[in-house]
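FYI, in the numbering used here the residues of the sequence shown are 132 to 477.
Ideal Cβ positions, reconstructed from N, Cα and C, are used throughout, including at glycine.
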Amino acid sequence: MIERMYAEYAWEKTETLLSIDSPSGYTAKAANWVKEAFEKLGFEASITTKGGVIADLGGENAEDALLLEAHTDTLGGMVAEIKGNGRLRLTSLGGMNPNNGEAENVWVYTRGGKVIDGTLQLCNASVHVNGSYSDTKRSWDTMEVVLDEDVKCADDSRKLGIEVGDIVCFEPRTRRTASGYLKSRFLDDKLSVGILLGFAKYLADNGIVPARKVYVHVTVYEEVGHGGSASVPAGVTEAISVDMGCVGNGLVCTEKMVSICAKDSGGPYSYEVVGKLIDAAKKTNADYAVDVYPFYGSDVEATLRSGVDIRHGLIGAGVYASHGYERSHMDGVYNTLKVLSGYLEV
Ligand SMILES: [Zn+2]
């Protein structure tokens, strides 16, 4: 039975990964870190042409291999326009919501290698000046990045090296409470990458060789829909996305549980795989919920759409306030590890 210490390890790795900015399209540094993290545990890992990471966790039967997918790309922004006043209009990378980003610290990565601080604010953001502050609908047209530099016109911003197409990252504000809650932007899906590293460490520490060959694909374009649509190793018969579990009205899962997804916007998951995930949860006494996610798509659905003949499933620690300032819990991390261990009977 996998011990709780591997949940601690998973969070330790997650915290580090959260400190490496990696919105979709700007993931090379994070992917390299992930590759090296698997290598340090003794597993072979490589970067795919597209920029993701494939790791080989070993195992016997390579004709019935299991692929575990998680993503290290996150939401973020891109400079869409340098406005006349030198401030920046953004476009979102993935489903970054302007309501959720308001008043957040951001930084711009210029192509020249500079990092420039700013804040995402409503245009004309002083409530003592703007009578429409409360009534203005937040959108990428009514929000702007105010740079923390002496900028009065577009040329001032360009002189700093900023150009259209630059990447804008949001401060994740990562913290763990004494009660075990985990709060950060982008727990989706760096928490699951941490969980897969925790699982890999469990295999490595105990010299476990699973009966089935196990691969991990840490993808880098999930938030824009095509992360899992390539790089499926030969012999894979099943793929399981390890991604955030939904928490909200009408759903059973909490942040302390592992969520098993029965259906999302992409339709039902494999009845057989969902059944085996439930069996694995029961067998390992994992606190779990089976839920239907109303607005959700996953990497493993992208894998299926790419034409690969596999059965698919999805699990993950419960995450509240998804795509905002997200919250999960150490218990949810541990319960997810339990289901992985139960599924592979290790
Ligand atoms: Zn995700």
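Could you tell me which residues DSSP puts in a beta bridge with residue i?
i	result
serine 372	Glu200 and Leu445
arginine 306	Lys314
glutamate 235	Glutamate 235 pairs with nothing; no bridge assigned.
alanine 361	According to DSSP, which records beta bridges pairwise, alanine 361 is partnered with nothing at all.
phenylalanine 169	Answer by DSSP bridge pairing: none, since phenylalanine 169 is not bridged.
isoleucine 298	Met209 and Tyr240
isoleucine 391	Val421 and Ile446
proline 154	Thr205
alanine 186	Ala176 and Val347
proline 399	Lys394
arginine 220	Glu212
glycine 381	According to DSSP, which records beta bridges pairwise, glycine 381 is partnered with nothing at all.
threonine 415	DSSP output for threonine 415 lists no bridge partner at all.
methionine 274	Leu253
serine 459	Leu313
tyrosine 451	Arg458
asparagine 192	Arg343
Using only the heavy atoms of ligand 1, determine whether one of them is closer than 6 Å to the beta carbon of residue i.
i	result
aspartate 152	no
methionine 375	yes
aspartate 204	no
aspartate 281	no
aspartate 319	yes
Between residue i and residue j, is the Cβ-Cβ spacing less than 7 Å?
i	j	result
serine 362	threonine 179	yes
serine 390	aspartate 430	no
leucine 199	valine 347	yes
leucine 318	leucine 188	no
valine 477	isoleucine 339	yes
serine 323	aspartate 374	yes
alanine 162	glycine 325	no
glycine 101	leucine 224	Residue 101 is absent from the model: the chain starts at 132 and stops at 477.
proline 341	glycine 190	yes
glycine 449	glycine 376	yes
glutamate 403	arginine 442	yes
alanine 486	valine 470	Missing from the structure shown is residue 486; the chain here goes from 132 to 477 and no further.
glycine 85	valine 282	The first residue shown for the chain is 132 and the last is 477, placing residue 85 beyond what the model contains.
alanine 201	valine 351	no
lysine 387	glycine 473	no
leucine 468	lysine 321	no
glutamate 235	leucine 251	yes
Count the other CB atoms, across all protein chains shown, that sit within 10 Å of the CB of residue i; report buried if there are 16 or more and exposed otherwise.
i	result
asparagine 466	buried
lysine 268	exposed
cysteine 284	exposed
threonine 308	exposed
methionine 227	buried
proline 303	buried
glycine 359	buried
valine 258	exposed
valine 419	The displayed chain sequence assigns tyrosine, not valine, to residue 419. When all chains shown are included, tyrosine 419 counts as buried.
phenylalanine 169	buried
Is there contact here, the region 153-160 with the region 325-337, by at least three beta-carbon pairs under 8 Å?
-> no
Touching by the beta-carbon criterion (3+ pairs, under 8 Å), the region 231-250 and the region 273-291 | yes
With a cut-off of 8 Å, do at least 3 Cβ pairs link the region 431-438 to the region 293-302?
-> no
Would you say the region 395-409 touches the region 447-461, given that touching needs at least three Cβ pairs under 8 Å?
-> no
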